[in-house]
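Undergrad:
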Amino acid sequence: MVARTPQRVLIGRSAELDRLVGVLDAATAGLAGVALVGGDAGIGKTRIVTELCDLAQRRGFVTLTGQCAELGDALPYLPLADALRGAAADADGPVGPAVTARPALRRLLPGDEAGPAEGTTGGLAQQRLFGSVLDMLSEVAGRQPVLFVFEDLHWADRSTRDLLVFLTRMLQRERVCLVGTYRTDDLHRRHPLRPVLAELRRLPLVTSVELPPLGDDEMAEYLAVLDRYGEGPAGPVAGHGLTTVIERAGGNPFFAEELLAAGAERARLPGTLADLLLARVETLSETARQVLRVAAVAGRRVGHDLLRDATGLGDLPLEDALREIVSQRLLTAGSDGYTFRHALLQEAVYDDLLPGERTRLHTAFAALLAERGGAPAELAHHHLAGHDLPGALRASVEAGRLAAGLGAPAEAHRHFERALEVWDQVPEAERLAGEHRARIALASAAAAAAAGDYHRAAEQVRRLRREASDPVLIAETGERLSYYLADAGGDEAEAVAAAREAVDIAPHSPLLARALATYARALFRQYHDEEAAATASRALEVAEATGAHDAEVSALVSLALIEEEFGSSVERAVDLLTRATRRPSGDLSIDLRARFNLARIHYENGALAVAARITEDGVRLAGETGLTWSTFGTDLRFLHYLVHYADGDWDAAERLAGGFGVRVGTRAEAQLSSFALFAEVGRGRPGADERLRWLSRFWSDALIGYMARGMAAEQALWRGDPQTALDHVDAIVAALEPFDPSVIRIAATGLWALADLGRTGKPCDDLLRRARWAAENGPNGPRGRLGPEGVAWLARAEAEWHRAHGTEDPEVWRRATAAFGFGFVYEEARSRWRLAESLLRTGDRAAARAEWERAVHVAAALGARPFLETLRAVGARAGFPDPTAAIPTASPAAHDGDAQEIAAGEPPRVAREPGRRLSALTAREREVLAHVADGLANREIGARLFISQKTVSVHVSNILAKLGVTSRTQAAAVALQEGLSPGAADGNTV
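Sequential numbering from 1127 applies to the sequence shown in this note's numbering.
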């Protein structure tokens, strides 16, 4: 381990470097990784990371490095902005175009004047920024692997820490390696980085590397290398003094180097590291010492022009002083400024300043930065340190607004709170802030809520309500309090009372429309359906009259949900949601919420094709606006997945699930991950076991427990373990509300397990009773209607109850099969399986075989291996020949439409027309096959047909599946046998 000269070898860190290189190797192979490098100050964290960066660049990595600073807790995303600034400056590099194409990232660059896109601030802006960073890294990693280094995480702001956690959880198969360094000696018990490190270290893709002190032999080698490069001591210290240096340094390379430098200049070595560093400073001339003190007030880095103006020196005296400082290796020179060689040195020089000197220099820097249009957060820092409270208030308010627009709500809240803390000490504070104190307090509460601290937001609004006398402000705070309490899962009675008061005193204005919409939401949550509907209708009227389009759309969505839950007309709910999606509301979160609910209602009512179109549009809108990872952006993606799972396009479903992380750490991530289990369990994927292990931490959450444990129960049933399945079912039923329609599906699963166990009596009767009650009752009385999927699951539960009792006849299974015929391909086939068994028991072998074959074809087309194996066992016992023996099983689905066609009563096309093997192909597929038979590669075929190489690849995959072959050579043989040649295809192609 040596100092920062590129040509030097790394001493004593081979084991640690090998572990970091292992993370690089994994990223090169397509497995994202994170390395956390910790150690005491001066132990060599930057040196080993610099070595890693050099190695990565030689291997073709794109390297990004961002530096946190002690001021960074107030400057949001400082290391991200630092890393992107240099990369974006290279217009021909791989990162620049990817950054400039994303407005959320572009706003972090200097000179970009764009405000928050489309009015998004706080949490929504943060979701957009996080999604943009993830997309940018994925795009760049598609061309070159990426190494992204976050230096000095102990100084990172809250939003940067959240970003690091987000990337660590979301990156899966991207060629990206993240590295973070931090000081272990700075992490006191309540340091905010400690829980982040603990959370990250639990993840399997995270490698933790602690740098211990160097041993005596390694320190001796290190000092010898320093001497070899002319940076060691001369004279007596180079002899017997080395032993003293090694003993005093305690294995810390930076301390050892400073001891050497000090020992070369004086007979007695200083006692502490701070004394040691200051002893080096004292050897400078008076002018150089003053320049170094001024630089220390600026921070770890300072620009040349800013330093010149702050010192007041002319160019020549300043250059002489800087040359002296750089030659003593106290500062290093960069392209446009200077950096302290180590943060410890900057801290020591700054701490040695006299109080008056410190105040004067901070005041000078605040004035200079104000002239230059410096960052408001930096200005606020210098104003506060210079005891300029009016300047601190003005800059803090501006910094809060900027942080909210950048998507850093935690930092926005901190800046607004700082402004409120000094408000009463500043004359004419309202004029300086540009707003009334109450507006700043409301903005602070909104920022706290956006950062996820709803309890702090609610308490801040309560405090403001106690101080308020203006009826409009009381109404506004009441509406906000109700909203925050709902999001926090707080006191629902207080939420209703606060919203009611807001409605009673708000003037006829957009505020009244929003208060009514929030009141309707609070009433709906307490199941006051009639009053909620009347309130939402009034909110809609007021919103239309006052031009509050966001409140109008929100009211339309609320009315639709009330109609769906308590009304009798799904068509009216659909009409209301369709109106809500016709034009933008001005609030992207509301727009995505409306699309999600419109698609969900169509899905739950069996209109799968319509639901697919709406979810695709919603996912596209979320992607275009950078909100793929927002709450409703995520909801739209899992609904898109469910639509394809239901309609039988499991290949598309699994492609979508590729973005559903396995190593989850938050409720939102776990919820998304749990949906991937549907196809994974259905196809018997071994990865389902790992996903279930990660999700088990979230089984206490009702929704995640229902989905994850429900699929764990199905997995256990396919594996012949009905008792484990029943344990999962019992846990889920205990957690669900009795009126929750989810009870119906899980009861049907439990009855499947009981039937396999041969149990009857009370357990069976209890589950069927629960299913029937949930089907007939809602939270406030009789249920208005039950959607087709709910009806189908109830029919399945009834049939399984009869199977458990040995009393089922084919008709109960015909009803279940028909009930799933609205388009749920897999569940229709599973009901058909039981129908075939029931027919066999009655002796109707011909009908049983027909139903069994249709189920087999669907299972084969879906790639539902556990189901297919079960069906083949049934067929073997019955003596039925396997109708899929000639159909390849390597591809999960023979054709996108096969499962749907089979469910409709027709076998797949290859089996349907064994004598005309090419009849299953589209005209375009015949064209592609003809060129394959002619020996052309995909690129050449694409050039001839004017389509992309990727499109050709998709066509080839479909052709192989439809023809029942496994290679291009076999496909070409079929083409030649059928007399197909280039130009033989006819008709229109698409």
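From the three backbone atoms N, C-alpha and C, an ideal C-beta is built for every residue, glycine too.
When burial is assigned at 16 or more other CB atoms within 10 Å of the CB, is Val-1417 buried or exposed?
TA: By the 10 Å Cβ count, Val-1417 comes out buried.
Undergrad: Out of curiosity, what's the CA-to-CA distance linking Ala-1503 and Ala-1141?
TA: 41 angstroms
Undergrad: The alpha helix (DSSP H) that contains Ser-1684, what's its start and end?
TA: 1675 to 1692
Undergrad: Among Thr-2010, Ala-1974, Arg-1295, Ala-1555, whose alpha-carbon lies nearest the alpha-carbon of Arg-2003?
TA: Ala-1974
Undergrad: For Val-1552, which residues in the same chain have their Cβ closer than 7 angstroms to its Cβ, ignoring the five residues on either side in sequence?
TA: Leu-1515, Pro-1516, Leu-1519, Leu-1558
Undergrad: Between the C-alpha atoms of Ala-2110 and Arg-2094, what's the straight-line distance to the nearest angstrom?
TA: Caution applies to Ala-2110, whose pLDDT of 40 falls short of 50 and renders its modelled position unreliable; the value that the coordinates give is listed next. Distance between the alpha carbons of Ala-2110 and Arg-2094 is about 18 angstroms.
Undergrad: Which value, in whole angstroms, describes the spacing of the CA atoms of Tyr-1771 and Phe-1786?
TA: 15 angstroms
Undergrad: Please identify the residue among Thr-1644, Asn-1731, Gln-1586, Val-1163 whose C-alpha is closest to the C-alpha of Thr-1333.
TA: Minimum Cα distance to Thr-1333 is reached at Val-1163.
Undergrad: Check this for me: beta carbons of Arg-1721 and Asp-1743, under 8 angstroms apart or not?
TA: Yes.
Undergrad: By DSSP, does Cys-1194 sit in helix, in strand, or in coil?
TA: coil
Undergrad: Less than 8 angstroms separating the beta-carbons of Ile-1727 and Leu-1703?
TA: Yes; because the gap between Cβ atoms is below 8 angstroms, this pair is in contact.
Undergrad: Less than 7 angstroms between C-beta atoms, sequence neighbours within five positions excluded: which residues of the same chain meet that for Asp-1144?
TA: Sequence-distant partners of Asp-1144 (beyond 5 residues in either direction) whose C-beta falls short of 7 angstroms from its own C-beta are missing from its chain.
Undergrad: Work out the CA separation of Pro-1848 and Gly-1884 for me, nearest whole Å.
TA: If you take the alpha carbons of Gly-1884 and Pro-1848, they lie about 10 angstroms apart.
Undergrad: Excluding the 5 residues flanking Ala-1921 on each side, which residues of the same chain have their C-beta closer than 6 angstroms to its C-beta?
TA: Counting only Cβ-Cβ distances below 6 angstroms, and skipping sequence neighbours, we find Arg-1941, Ala-1942, Ala-1945.
Undergrad: So the candidates are Phe-1824, Gln-1841, Pro-1889; which of them puts its Cα closest to the Cα of Ala-1861?
TA: Looking at the Cα atoms, Phe-1824 is the closest of the given residues.
Undergrad: Nearest by alpha-carbon distance to Gln-1797: which of Ala-1779, Glu-1473, Asp-1827, Ala-1778 is it?
TA: Ranked by Cα distance from Gln-1797, the options Ala-1779, Glu-1473, Asp-1827, Ala-1778 are led by Asp-1827.
Undergrad: Nearest to Leu-1495 by alpha carbon, out of Gly-1429, Gly-1531, Gly-1440?
TA: Gly-1429
Undergrad: Round the Cβ separation of Ser-1964 and Trp-1939 to the nearest angstrom and send it over; I've been treating them as touching at under 8 angstroms.
TA: 5 angstroms
Undergrad: Alpha carbon to alpha carbon, what distance is there between Phe-1491 and Leu-1439?
TA: 15 angstroms
Undergrad: Strictly by DSSP, which residues pair up with Tyr-1464?
TA: Val-1428, Ala-1459
Undergrad: Considering Cα atoms alone, identify which of Leu-1206, Asp-1550, Thr-1672, Val-1147 is closest to Gln-1183.
TA: Per the Cα distances, Val-1147.
Undergrad: In angstroms, rounded to a whole number, what distance separates the CA positions of Ala-1209 and Leu-1893?
TA: Approximately 58 angstroms between the Cα atoms of the pair.
Undergrad: Compare the C-alpha of Leu-1136 against each of Leu-1340, Gly-1907, Gly-1615 and name the closest.
TA: Leu-1340
Undergrad: So the beta strand (DSSP E) Thr-1409 belongs to, where does it begin and stop?
TA: First-last for Thr-1409: undefined, no H or E at that position.
Undergrad: Roughly how many angstroms separate the alpha carbons of Leu-1877 and Glu-1670, rounded to a whole number?
TA: 51 angstroms
Undergrad: How would you write the range of the beta strand (DSSP E) that Tyr-1161 sits in, first residue to last?
TA: Reading the sequence as shown, one finds Ala at residue 1161 and not Tyr. From DSSP, the beta strand (DSSP E) with Ala-1161 extends over 1159 to 1165.
Undergrad: Between Val-2100 and Val-2082, how many whole angstroms is the CB-CB distance? I'm expecting something under 8 angstroms.
TA: Wrong, their Cβ atoms sit about 13 angstroms apart, outside the cutoff.
Undergrad: Once you ignore the five residues that flank Ala-1195 on each side, which residues in its own chain have a CB closer than 8 angstroms to its CB?
TA: Leu-1201, Leu-1204, Asp-1278, Trp-1281, Gly-1425, Arg-1426, Arg-1427
Undergrad: Quick one: give me the first and last residue of the beta strand (DSSP E) that Glu-1336 is part of.
TA: 1332 to 1336
Undergrad: Helix, strand or coil for Phe-1758? Go by DSSP, reduced to three states.
TA: helix
Undergrad: In three-state terms, what does DSSP make of Glu-1142?
TA: helix
Undergrad: Tell me the rounded alpha-carbon separation between Ala-1555 and Asp-1166.
TA: 44 angstroms
Undergrad: Measure the alpha-carbon distance for Thr-1850 versus Ala-1842 and round it to whole angstroms.
TA: Each residue's Cα considered, the two are about 6 angstroms apart.
Undergrad: Nearest-angstrom Cα distance between Leu-1110 and Ala-1748?
TA: A query on residue 1110 cannot be resolved here, the shown segment of the chain reaching from 1127 to 2116 and no further.
Undergrad: Name the residue from Glu-1840, Pro-1905, Arg-1998 whose alpha carbon lies nearest to the alpha carbon of Glu-1953.
TA: Glu-1840
Undergrad: Just confirm the distance between the C-beta atoms of Ala-1267 and Arg-1301, as a whole number of angstroms; I'd bet it's less than 8 angstroms.
TA: Distance from Ala-1267 to Arg-1301 at the Cβ level is roughly 4 angstroms; contact confirmed, criterion being Cβ atoms closer than 8 angstroms.
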